[in-house]
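Here the sequence shown is numbered in my numbering, starting from 75 and rising by one per residue.
A virtual CB, placed ideally from N, CA and C, is assigned to each residue, including glycine.
First comes the structure, then the notes that go with it.
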Amino acid sequence: MTLGEKIRTIRKQKGISQEALAAMVYTKKQTISLYEQDKLELKVSVLTRIASALKVPVTTLLEETEEERMLEDYYAKYDAIEASALIKSMRPELRKVAMVQLRALVTLE
């Protein structure tokens, strides 16, 4: 779950409208909407005000849940198995090319 999704989820759970949250953190409803859509980067000072308005620790908004970590691990393992199967199905000369390209992609990160 993204930061914006967490803000939206907690805000709705607490029955707070975007307008009300905007008033509590001294901004506009449209700005809250952009935060919740992850279209606008939050400054630390604003994040702190939002957490305070929602009555949650900042860490609640920033930390991954155990479920999110487990899901990420699952997808990473699934992708690794799929990549391995695809590489094994290639002719040896294409396998070498694929590995060179994969290593190049990793260095781009």
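Coil, strand or helix - residue i by DSSP
i: ILE90; result: coil
i: MET144; result: helix
i: LYS113; result: coil
i: MET164; result: coil
i: THR181; result: helix
When the options are compared against residue i, the one with the closest alpha-carbon
i: LEU121; options: LYS162, VAL171, ILE81, GLU167; result: ILE81
i: VAL118; options: ALA157, GLN104, THR133, GLN111; result: THR133
Residue i, buried or exposed, once every other Cβ within 10 Å from all chains shown has been counted against 16
i: ILE155; result: exposed
i: ARG85; result: buried
i: GLN104; result: exposed
i: LEU145; result: exposed
Distance CB(residue i)-CB(residue j) smaller than 7 Å
i: GLY78; j: GLU110; result: yes
i: MET207; j: ALA125; result: Absent from the structure is residue 207, since the part of the chain shown begins at 75 and ends at 183.
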